[in-house]
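The structure appears right after this line, and notes come after that.
Number of protein chains: 2
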Amino acid sequence: MRAVLLLSGGLDSYTAGAIAKSQGFTLFALTIGYGQRHARELESARDVARALGVERHLELAIDLRAIGGSSLTSGDAVPHDRDIGEAGIPSTYVPARNTIFLSLALGWAEVVGAYDIVAGMNALDYSGYPDCRSEFIAAFERVADLGTRAGVEGARFRVHTPLIALGKADIIRRGLELGVDYGLTHSCYDPSPAGRPCGTCDSCALRAKGFREAGVPDPLVLR
Amino acid sequence: MRAVLLLSGGLDSYTAGAIAKSQGFTLFALTIGYGQRHARELESARDVARALGVERHLELAIDLRAIGGSSLTSGDAVPHDRDIGEAGIPSTYVPARNTIFLSLALGWAEVVGAYDIVAGMNALDYSGYPDCRSEFIAAFERVADLGTRAGVEGARFRVHTPLIALGKADIIRRGLELGVDYGLTHSCYDPSPAGRPCGTCDSCALRAKGFREAGVPDPLVLR
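Respectively, the protein sequence lines represent chains A and B. Per the working numbering, the first sequence starts with residue 12, numbered consecutively. Per the working numbering, the second sequence starts with residue 12, numbered consecutively.
Now the structure itself:
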């Protein structure tokens, strides 16, 4: 059974892919270069795709900087040393990003004959993004069924988000059980020119908290 | 009130934009170059955006040829002299195209503070595309409300498809009432290198039928 995996190069999508692979899916990995400031993650995505043994890895480019509205796609500073628990949606929110990414995954899924899409969204320990919630995912599945030839012909699309109810520590534990090499991943929103994580953005903070709570060292920090 | 208009350069999206403008919307036109073989329509989109007096015209590029699955984005021949009434979804269907386009429109809408998206889909005299049906549009509105910061903050997005229940002839009549200049548009899927319509693809056939039934000459044919 084929599945399209939305693969960012971060630890969530790698873990989601490893879970899907353990369930028997043949993976078609889709990575989207959207003009993100942490384009370093695209390199990690290639390493992760190789480690997952995907059937194919497609990289698509769409420059969301032209749309703007996010500190991840602009020259604006991303927040550092923020209290992750604080209310509200941070400036790193990219308008409609997951809707756009799922749509592209859907198009490719239809072409390769996959009715399953795998994505690493998680709703616990997340950054307050609306498009990481399960009600959003369910609504997208309906769009997929109604808006495709495959859906009209009777296929039912499913968006698998195996991490949606897991905290970062549980994600990491699950990944390690499955042999995931987190040293290949990149999480930081604001890396140095050489690609080193800043250690203080939301994404670094959530990652550090996850490894700490899982009681294992982060291989990226050890290096 | 601001609205994002999905503007292809064809006659439907121009007419939909003219209707939205007549209702008082300030238009932000979004045109997507997706590697379509009829890239000629992108030039028409610029002319139409000017004629509509849009506030801004954004062109985004995303190469859907990498995804494939359509004769509109591949070297495969598009159908000519087909019976438009025949059952089934033709090879010119682009997997998930309208989902992708609406997602991009949604992202930009959020950034410019628009909660209205205008698109030219029509379900009568259409080519059998699943993503032109009103149930698909309604499902997408739900995705928009659930997957955006604006939606979480209480906005309700609306996708306006003022042509959805109109045949081509009615669309043309309505457009002419509103002063639309159909000589600026491009409909053909398979134009000559110089950009001349072929006259026999589905899109040309629907256009010709529309002008014939409206009882008016097509300014593109007169030229």
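Glycine included, C-beta positions come from ideal geometry on N, C-alpha and C.
| What are the uninterrupted segments assigned as alpha helix (DSSP H) that are 4 or more residues long and contained completely in the segment 61–142 of chain A, given in chain order? | Listed in chain order, the complete alpha helix (DSSP H) runs (minimum 4 residues) inside the segment 61–142 of chain A are 108–123.
| request: Could you check if residue 33 of chain A is buried or exposed, using at least 16 other CB atoms within 10 Å of its CB as the buried criterion? | output: Numbered from its first residue, the first sequence carries residue 33 of chain A at position 22. By the neighbour-count rule (16 or more Cβ atoms within 10 Å), residue 33 of chain A is not buried but exposed.
| DSSP on residue 22 of chain A, reduced to helix/strand/coil? | Translated into the one-based positions of the first sequence, residue 22 of chain A becomes position 11. In the three-state reduction of the DSSP assignment, residue 22 of chain A falls in the helix class.
| Selected residue, minimal CA-CA separation from residue 47 of chain A, among A:36, A:117, A:78, A:188 | As a position in the first sequence, residue 47 of chain A is number 36, starting the count at 1. Ranking A:36, A:117, A:78, A:188 by Cα distance to residue 47 of chain A puts A:78 first.
| field | Start and end residues, alpha helix (DSSP H) containing residue 163 of chain B | value | Counting from 1 along the second sequence, the entry for residue 163 of chain B is found at position 152. Judged by DSSP secondary structure, residue 163 of chain B falls within the alpha helix (DSSP H) whose first and last residues are 160–163.
| request: Look at the alpha carbon of residue 51 of chain A and the alpha carbon of residue 183 of chain A, and state the distance between them as a whole number of angstroms. | output: Position 40 of the first sequence, counting from 1, holds the residue named residue 51 of chain A. Position 172 of the first sequence, counting from 1, holds the residue named residue 183 of chain A. Cα to Cα, residue 51 of chain A sits roughly 21 Å from residue 183 of chain A.
| said: Less than 8 Å between CB atoms is the rule here; does residue 153 of chain B satisfy it with respect to chain A? | reply: Indexing the second sequence from 1 puts residue 153 of chain B at position 142. So, interface residue.
| query | Straight-line CA distance for residue 110 of chain B to residue 117 of chain A? | reply | By 1-based counting over the second sequence, the position of residue 110 of chain B is 99. By 1-based counting over the first sequence, the position of residue 117 of chain A is 106. A straight-line Cα-Cα distance of about 9 Å links residue 110 of chain B and residue 117 of chain A.
| Should the segment 113–133 of chain A be regarded as contacting the segment 13–30 of chain A, the criterion being three or more beta carbon pairs within less than 8 Å? | Counting Cβ pairs under 8 Å, three or more are found: they touch.
| query | Buried or exposed: where does residue 154 of chain A fall if 16 or more other Cβ atoms within 10 Å of its Cβ makes it buried? | reply | For the purposes of this step, residue 154 of chain A is identified with residue 143 of the first sequence, where counting begins at 1. Buried: at least 16 other Cβ atoms inside 10 Å.
| request: State yes or no: is the beta carbon of residue 114 of chain A nearer than 8 Å to at least one beta carbon in chain B? | output: Taking the first residue of the first sequence as position 1, residue 114 of chain A is located at position 103. For residue 114 of chain A, the nearest beta carbon of chain B is closer than 8 Å to its own beta carbon.
| When DSSP builds the beta bridges, which residues end up paired with residue 40 of chain B? | To locate residue 40 of chain B, count along the second sequence from 1; it is residue 29. Under DSSP, residue 40 of chain B shares a beta bridge with B:16, B:68.
| task | To the nearest angstrom, report how far apart residue 18 of chain A and residue 125 of chain A are at their CA atoms. | result | As a working note, residue 18 of chain A is residue 7 in the first sequence. As a working note, residue 125 of chain A is residue 114 in the first sequence. The straight-line gap from Cα to Cα measures roughly 16 Å.
| query | Using a C-beta cutoff of 8 Å, does residue 67 of chain A count as contacting chain B? | reply | Walking along the first sequence from the start, residue 67 of chain A turns up at place 56. Not an interface residue.
| query | What's the call for residue 213 of chain A, buried or exposed, on a 16-neighbour Cβ count within 10 Å? | reply | Position 202 of the first sequence, counted from the first residue, corresponds to residue 213 of chain A. So residue 213 of chain A ends up on the buried side.
| message | Does the CB of residue 13 of chain A have a neighbour CB from chain B at under 8 Å? | response | Counting from 1 along the first sequence, the entry for residue 13 of chain A is found at position 2. Chain B places no beta carbon closer than 8 Å to that of residue 13 of chain A, leaving this residue out of the contacts.
| said: Using a Cβ-Cβ cutoff of less than 6 Å, which residues in the same chain neighbour residue 172 of chain A once the five nearest sequence positions on both sides are dropped? | reply: Position 161 of the first sequence, counted from the first residue, corresponds to residue 172 of chain A. Hits under 6 Å: 130, 132, 148.
| Of the residues that make up the segment 156–174 of chain A, which ones have a beta carbon closer than 7 Å to any beta carbon in chain B? | Hits within the stretch, in order: 157, 158, 159, 160, 162, 163.
| message | Since residue 106 of chain A and residue 93 of chain A should fall inside the 8 Å C-beta cutoff, what is the C-beta to C-beta distance between them, to a whole number of angstroms? | response | For this step, residue 106 of chain A is matched to residue 95 along the first sequence. For this step, residue 93 of chain A is matched to residue 82 along the first sequence. So it is not a contact: roughly 20 Å between Cβ atoms.
| query | Between residue 223 of chain B and chain A, is there a C-beta pair that is closer than 8 Å? | reply | Residue numbering aside, residue 223 of chain B sits at position 212 when the second sequence is read from its first letter. Closer than 8 Å to the CB of residue 223 of chain B there is not a single CB belonging to chain A.
| said: Closest to residue 178 of chain B by C-alpha separation, out of B:72, B:210, B:218, would be which residue? | reply: The residue you call residue 178 of chain B lines up with position 167 of the second sequence. With respect to the C-alpha of residue 178 of chain B, the residue from B:72, B:210, B:218 having the closest C-alpha is B:218.
| query | Quick one: which chain B residues come within Cβ less than 8 Å of residue 90 of chain A? | reply | To locate residue 90 of chain A, count along the first sequence from 1; it is residue 79. Simply none; closest approach about 15 Å.
| query | Given that residue 106 of chain B touches chain A, what residues does it touch there, using C-beta distances under 9 Å? | reply | The residue given as residue 106 of chain B occupies position 95 in the second sequence. Close partners of residue 106 of chain B in chain A (Cβ separation under 9 Å): 117, 118, 119, 120, 121, 122, 159, 160, 161.
| Short CB-CB distance (under 8 Å) between residue 109 of chain B and chain A | To locate residue 109 of chain B, count along the second sequence from 1; it is residue 98. By this cut-off, residue 109 of chain B is an interface position.
| query | If you run the structure through DSSP and keep just helix, strand and coil, what is residue 170 of chain A? | reply | As a first step, residue 170 of chain A must be located in the first sequence, where it is residue number 159. Strand at residue 170 of chain A.
| message | Check whether chain B comes within 8 Å of residue 142 of chain A, counting only Cβ atoms and requiring the distance to be less than that. | response | On the first sequence, position 131 is the one that residue 142 of chain A refers to. Yes, residue 142 of chain A lies at the interface with chain B (some Cβ there is under 8 Å from its Cβ).
| query | In the structure shown, what three-state DSSP assignment does residue 10 of chain A receive? | reply | No information on residue 10 of chain A is available, as it lies outside the stretch 12 to 234 that chain A covers here.
| query | To which residues of the same chain is residue 84 of chain B closer than 8 Å at the C-beta, ignoring the five residues directly before and after it? | reply | Within the second sequence, residue 84 of chain B is the residue found at index 73, counting from 1. Listed in chain order, the non-local C-beta contacts of residue 84 of chain B below 8 Å within the same chain comprise 45, 46, 47, 48, 75, 76, 78, 105, local neighbours out to five positions each way being set aside.
| task | Identify the continuous alpha helix (DSSP H) that holds residue 203 of chain B and give its terminal residues. | result | To locate residue 203 of chain B, count along the second sequence from 1; it is residue 192. Premise fails: residue 203 of chain B is in no alpha helix (DSSP H) and is neither H nor E.
| field | Exposed unless 16 or more other CB atoms sit within 10 angstroms - verdict on residue 203 of chain A | value | Along the first sequence, one-based indexing puts residue 203 of chain A at 192. Residue 203 of chain A should be labelled exposed.
| field | For residue 155 of chain A, the first and last residue of its enclosing alpha helix (DSSP H) | value | The residue you call residue 155 of chain A lines up with position 144 of the first sequence. For residue 155 of chain A, the enclosing alpha helix (DSSP H) covers residues 145–157.
| Of the residues A:115, A:206, A:230, A:221, which one's Cα is nearest the Cα of residue 71 of chain A? | The sequence position of residue 71 of chain A within the first sequence is 60, counting from 1. If we check each option's Cα against that of residue 71 of chain A, A:115 comes out closest.
| Using a Cβ-Cβ cut-off of 7 Å (strictly less than) and excluding sequence neighbours within five positions of residue 225 of chain B, which residues of its own chain qualify? | Residue numbering aside, residue 225 of chain B sits at position 214 when the second sequence is read from its first letter. Cβ within range, chain order: 180, 183, 184.
| message | Just to check my reading of the structure: residue 41 of chain A and residue 119 of chain A have Cβ atoms closer than 8 Å, yes? What is that Cβ distance to the nearest angstrom? | response | As a first step, residue 41 of chain A is located in the first sequence; it is residue number 30 there, counting from the start. As a first step, residue 119 of chain A is located in the first sequence; it is residue number 108 there, counting from the start. Sure, about 6 Å apart at Cβ, within 8 Å.
| Which residues mark the beginning and the end of the alpha helix (DSSP H) in which residue 48 of chain A is found? | For the purposes of this step, residue 48 of chain A is taken as the residue at position 37 of the first sequence. Note, residue 48 of chain A: premise wrong, no alpha helix (DSSP H); not H, not E.
| request: Less than 8 Å between the CB atoms is what I'm expecting for residue 198 of chain A and residue 209 of chain A, so what's the real figure, rounded? | output: Sequence index remark: in the first sequence, residue 198 of chain A carries index 187 (1-based). Sequence index remark: in the first sequence, residue 209 of chain A carries index 198 (1-based). For residue 198 of chain A against residue 209 of chain A, the beta-carbon gap comes to about 10 Å, at or over 8 Å, which does not count as contact.
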